[in-house]
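In this note's numbering, the protein residues as written are 1307 to 1694.
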């Protein structure tokens, strides 16, 4: 064929969107960009444009464009397959959204959250379907706090009442009515800023009536951040949302180590004050000083924790901070104090206001007698002296 027999190729006009049917489709190579996406044109056939990490833009026959993600859910592979397959799980695909309603940046963010959930054993597509289920009211943060308390805190933590009170006090008033799926990283940052500022509030209780109390501070902000992150991880695992938006929120309120230690003259003054206090508080504070143990451990101590000669007391694992049994030796002075305690009548607690049935409480009122010095100072003093 000679050069003169060739026909010139038609040049499409500048405004044309469809390619010449005889011309191959333009398929961008490498990760996508906004510039590459604007150049995509339909060809009459469906084709995929891969971005990275399983994210794909699927172009339909008539030009519709949809973001999809290919992923594997960790730990759901068949038991009979190879170990790697069991850990990785089968390959799955989910739809993230339509382009250009969902931009490239938004699609990458949604893909990152979905992959993170899949690595933690949660199927993001199942979570997405649960969130889109018709006729169901969205799960609110107040609902989540109750589910988290019932499903995890009360089952696994001795400090469950404290954590639940923290969430009820600081999180529920701010977010209680909001759907769990609507919360973002910025919401937590804003909440922490509010909690970080101490404020005076009125509190009403049955026993003490109405009184003024301080709420918030850097310590409270640290705890709120810790438990909100944990609660939303629980929401992720329960498939209440496809990701944990607070995973990367750092702690900006590092607690300063407390180094207040009682001097020997102060310790003597506290001991003398305790000598003038009646049961249960007098001997209670004296044993704290002599043993350096935590307040809560002696508060719930029982007679059957003591050995036969009262030379030591063994704190069970469920009542000790480390979760292991702990033996506390008792000096001769400590044994004499224990021997002088009234015999139990209705229960086995060493320190009680109702004959041993219920452990003591109301530490703040008792501490006022010793000039505002807290029981924790006793432990730090003993640690400084090498006894704890």
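No residue lacks a Cβ here, since even glycine has one placed at the ideal position from N, Cα and C.
Around residue 1374, the same chain offers 1362, 1364, 1399 and 1401 as residues with beta carbons nearer than 6 Å, after the five sequence neighbours per side are excluded. Put simply, the region 1485 to 1495 touches the region 1537 to 1548. At least three CB pairs are less than 8 Å apart. Between residue 1584 and the set 1408, 1659 and 1500, the nearest pair of CA atoms involves 1659.
Here residue 1550 is buried. Its C-beta has 16 or more other C-beta atoms within 10 Å.
In this structure, the beta-carbon distance from residue 1379 to residue 1424 falls below 7 Å. Secondary structure of residue 1377 (DSSP, three-state): strand. In the three-state reduction of the DSSP assignment, residue 1634 falls in the strand class. If the five residues before and after residue 1358 are omitted, its C-beta is found closer than 7 Å to the C-beta atoms of 1337, all from its own chain and listed in chain order.
Taken through DSSP and simplified to helix, strand or coil, residue 1401 comes out as strand. Residues of the same chain with a CB within less than 6 Å of the CB of residue 1448, apart from the 5 flanking positions on each side, are 1478 and 1482 in chain order. In this structure, 1350 is the residue among 1376, 1581, 1350 and 1609 with its C-alpha nearest to the C-alpha of residue 1367. Leaving aside the five residues that flank residue 1608 on each side, the residues in its chain whose CB is nearer than 7 Å to its CB run, in chain order, 1654, 1655 and 1656.
Following the DSSP letters along the chain, one finds residue 1363 inside the beta strand (DSSP E) bounded by residues 1361 to 1365. Distance from the CA of residue 1668 to the CA of residue 1590, rounded to the nearest whole angstrom, comes to 13 Å.
Going by DSSP, residue 1620 is part of the beta strand (DSSP E) stretching over 1618 to 1621.
Cβ-Cβ separation between residue 1427 and residue 1381: approximately 5 Å, consistent with a contact (criterion under 8 Å). If you ignore the 5 residues before and after residue 1527, its C-beta comes within less than 7 Å of the C-beta of 1498, 1501, 1502 and 1559, all in its own chain and listed in chain order. For the pair residue 1406 and residue 1413, the Cα-to-Cα distance works out to about 10 Å. Judged by DSSP secondary structure, residue 1479 falls outside any beta strand (DSSP E) and instead within the alpha helix (DSSP H) spanning 1478 to 1481. In the structure shown, the three-state DSSP call for residue 1538 is helix. At the C-beta level, residue 1587 and residue 1672 come within 7 Å of one another.
Apart from sequence neighbours up to five positions away, the residues of its chain that approach residue 1458 with a beta-carbon distance below 8 Å are 1540, ordered along the chain. Collapsing the DSSP output to three states places residue 1508 in a strand.
Taking a contact to require three or more Cβ pairs closer than 8 Å, the region 1522 to 1537 and the region 1461 to 1480 qualify as touching. One alpha carbon belongs to residue 1403, the other to residue 1410, and they sit about 10 Å apart. The region 1623 to 1635 and the region 1597 to 1607 touch, with no fewer than 3 CB-CB distances between them shorter than 8 Å. In summary, residue 1648 is exposed, with fewer than 16 beta-carbon neighbours lying within 10 Å of its beta-carbon over all protein chains present.
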